[in-house]
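Here's the structure we're looking at; comments come further down.
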Amino acid sequence: MDLLNTLVEKGLRRELPTREEALAVLATSDDELLDVVAAAGKVRRQWFGRRVKLNYLVNLKSGLCPEDCSYCSQRLGSKAEILKYTWLKPDEASQAAAAGVAGGAKRVCLVASGRGPTDRDVERVGRTIEAIKEQNEGVEVCACLGLLSDGQAERLKDAGADAYNHNLNTSEATYGGITKTHTYADRVDTVQKAHAAGLSACSGLIAGMGESDEDLVDVVYALRELDSDSVPVNFLIPFEGTPLAKEWNLTPQRCLRILAMVRFVCPDVEVRIAGGREVHLRSMQPLALNIANSIFLGDYLTSEGQAGQADLDMIADAGLEVEGAGTTTLPKHRADALAEAGAAAAGGCGSAGAAGCGPAAEKTEEGAGCGSHSGGGCGPCGGHAEPASTTPASNGAAESAPATNGARTDLVAVRRRGAGTDLAPNA
257 MDLLNTLVEK GLRRELPTRE EALAVLATSD DELLDVVAAA GKVRRQWFGR RVKLNYLVNL
317 KSGLCPEDCS YCSQRLGSKA EILKYTWLKP DEASQAAAAG VAGGAKRVCL VASGRGPTDR
377 DVERVGRTIE AIKEQNEGVE VCACLGLLSD GQAERLKDAG ADAYNHNLNT SEATYGGITK
437 THTYADRVDT VQKAHAAGLS ACSGLIAGMG ESDEDLVDVV YALRELDSDS VPVNFLIPFE
497 GTPLAKEWNL TPQRCLRILA MVRFVCPDVE VRIAGGREVH LRSMQPLALN IANSIFLGDY
557 LTSEGQAGQA DLDMIADAGL EVEGAGTTTL PKHRADALAE AGAAAAGGCG SAGAAGCGPA
617 AEKTEEGAGC GSHSGGGCGP CGGHAEPAST TPASNGAAES APATNGARTD LVAVRRRGAG
677 TDLAPNA
C-alpha cells in the first residue's frame, strides 16, 4: 500500500503524518491489518529495536475519588466493588514495588486517587519514592497523583521522581462529556508543569468510549504537540457499577489499528499498551507488541491482568526481549533532550509552553482530575457522562464489536491481591 510505505518513511524520519493519513490507518480493512501491523513494526524497531519495557503499578490510595469521570471504577458514585483504602505507608509501597521489580519491571508507577495532591501528599509520596529507590537500585519512578499545583512537580523531581503521568484521555472537543469536575485545559496544564520541572512527561488516551476516528486522531496529535515521552494507550474497561459498564465498542482488530496510528504519529516515543489489553486484544496481544514497546506487568490498579509470568512468556514467544535496567528506553535524541531539560529545570528555567523546556521532537504540521483509574496507563480517569452507545463508533467498529446487553464480568475481574491486601501481588 502506498499509504503504508509513506507512513513508514515518515516514521523513520520522525515526520508527522497528515491527518488524512492518520485517519486512513483507522479506516483500513481487516484484510489489510497484518500489513498495517508490519508497517508500524518497522517504525517501532527503528527506534526501539525488539525491546519491551515492563512497568509496574502500585495503587497508593484506592477508591473514594471526588471526581466524576464516568468510566472510572474509583469515581464519585461508583458502585464497583473495588478495594478501598487510604495511603500505603512508604515501606508498604516499597514492598509492593519490589515484587514488580523482581518480575522484571524497569519502572514503578505510583498512583493515587483524588483530584490532586496536597503539599502533605507530595511530601508523603516523596518519602515513598526515596524508599523505593533506596531498596531498588536503578528503578525508574513515575508519579500519577492528579492535578498538580505550582511547585509540586519540582518537589517530586527533587524527591527522585523520573516521570509524571497525566493522560489527556480524549479530544478537547469531546472532553466535556467525560467529566464536569475538571477540564481538558487542566490536564494540559499539569503535563506542562511536569515538563517545566524536568520530569519525563507520560500522557496518553483511552479508546473505546464511543469516540469517533477524528477524536482519536485529535488527541494523539495533541499528545505529540505536548511532546510526551511516553504515550499509554488504554482500552476502556467497562467496569460493572460505572455508567459505561455496557459499552463494548472495541475489537482486537480495532485496537491494533489504534496502536498503529499512535505509532505513526508518535514514532520515537514509548508507546505503552496499558489498561484493557487483556480484555480487548485477548489472543492478539503478541501482535500488538510488534507496534508498542511497553506494557504493564501483572495487575492494574483495581482490575486484574494476566499472570506476570504469562506476560514474560508472551514476550519471549514473540521473539522479543525484556528491556534491561541498564538500557535507555528512549532514542538518544529524546534521552539527550530530556537530560538537558532536567538540567535547565534545576537551573531555574521554569518556562514551559506546549513543549516547555522538555524533550522536543520537531513540531511540524500540527488533564486534570482523578489520578487513578480502573485499568492502566498510570492513571487515565475518564469516560462519557452519557452511555456511549448513542455515539456510533466510526468505520463499523460498534457493529463488529461483540454484542452485549450487560457487564462482562467474565472478562473484567476486580483486583483482590497485591497492594492494600494480604495476598501476594501478581507479578
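Residues are numbered in the numbering used here as their position in the sequence shown, beginning at 1, plus a constant of 256. Positions of the beta carbon are idealized from the N, C-alpha and C atoms, including for glycine.
### Given D694 as reference, the closest of L545, L594, E277 once Cα atoms are compared
The chain is shown only over 257 to 683; residue 694 falls outside these bounds and no answer can be derived.
### Query
Nearest-angstrom Cα distance between E534 and L492?
11 Å
### Query
Since D418 and A457 are thought to touch, with beta carbons under 8 Å apart, how far apart are those beta carbons, to the nearest angstrom?
Not really, about 11 Å apart at Cβ, beyond 8 Å.
### Query
Is Q565 buried or exposed, if buried means 16 or more other CB atoms sit within 10 Å of its CB?
exposed
### Message
Given a cut-off of 8 Å on the beta-carbon distance, is the pair V293 and G267 in contact?
### Response
no
### Task
Report the option in E503, G598, P346 whose CA atom is closest to the CA atom of E467.
E503
### Query
Hey, would you say A415 sits closer than 8 Å to E386, going by beta carbons?
yes
#### Entry: Distance, D524 Cα to R538 Cα
26 Å
#### Entry: Residue span of the alpha helix (DSSP H) that contains E379, given as start and end
375-391
### For L316, three-class secondary structure by DSSP
strand
### Query
Run through DSSP, which three-state label would S456 get?
strand
### Query
Once you ignore the five residues that flank L259 on each side, which residues in its own chain have a CB closer than 6 Å to its CB?
A280
### Task
Compare the C-beta of A593 with all C-beta atoms of chain C and state if any pair is closer than 8 Å.
No chain C is part of this structure, which consists of one protein chain only.
### Query
Quick one: is M257 buried, meaning 16 or more other Cβ sit within 10 Å of its Cβ, or exposed?
exposed
### Task
Note down the Cα distance separating G639 from V308, rounded to an integer number of angstroms.
Per-residue confidence for G639 stands at a pLDDT of 32, beneath the threshold of 50, marking its modelled position as unreliable; no derived number is given.
### Query
Can you name, in chain order, every residue of its own chain whose Cβ lies under 7 Å from the Cβ of A689, other than the five neighbours on each side?
In the structure as shown, the chain begins at 257 and stops at 683. Residue 689 is therefore absent and cannot be evaluated.
### Query
Are there 16 or more other CB atoms within 10 angstroms of the CB of L290, so buried, or fewer, so exposed?
exposed
#### Entry: Counterpart residues of P488 in DSSP-defined beta bridges
R528
### Query
Is the Cβ-Cβ distance between P273 and V521 less than 8 Å?
yes
### Query
Looking only at its own chain, which residues have a Cβ that is under 6 Å from the Cβ of T262, when we skip the five neighbours before and after it?
none
#### Entry: Every unbroken alpha helix (DSSP H) within the segment 383-442, with a cutoff of 4 residues, ordered by chain
408-414
### Query
DSSP on R480, reduced to helix/strand/coil?
helix
### Query
Going by the beta-carbon positions, is the gap between L472 and M517 smaller than 8 Å?
yes
### Query
Helix or strand or just coil, what does DSSP make of S550?
strand
### Query
According to the Cβ coordinates, are V316 and A353 closer than 8 Å?
The sequence shown places Leu at residue 316, not Val. In this structure, A353 does not lie closer than 8 Å to L316 by Cβ.
### Query
Can you tell me the Cα-Cα spacing of I462 and I434, whole angstroms?
11 Å
### Task
State the beta-bridge partners of Y341 as determined by DSSP.
S318
### Task
Note the first and the last residue of the continuous alpha helix (DSSP H) segment covering R533.
533-536
### Query
What do you get for P322, buried or exposed, if any count of 16 or more other CB atoms within 10 angstroms of its CB means buried?
exposed
### Query
Of all the options T677, D474, R411, A361, which has the alpha carbon lying nearest to the alpha carbon of Y431?
D474
### Task
Determine the DSSP secondary structure at C522, reduced to helix, strand or coil.
coil
### Query
With distances taken between CB atoms, is the gap from V364 to V397 smaller than 8 Å?
yes
#### Entry: Residues of its chain near R383, where Cβ-Cβ distance is below 8 Å and the 5 sequence neighbours each way are ignored
P346, A415
### Task
Assign T585 to buried or exposed, taking buried as 16 or more other Cβ atoms, counted over all protein chains shown, within 10 Å of its Cβ.
buried
### Query
Between L401 and A429, is the Cβ-Cβ spacing less than 8 Å?
no
### Message
Could you compute how far the alpha carbon of R270 sits from the alpha carbon of Q391?
### Response
38 Å
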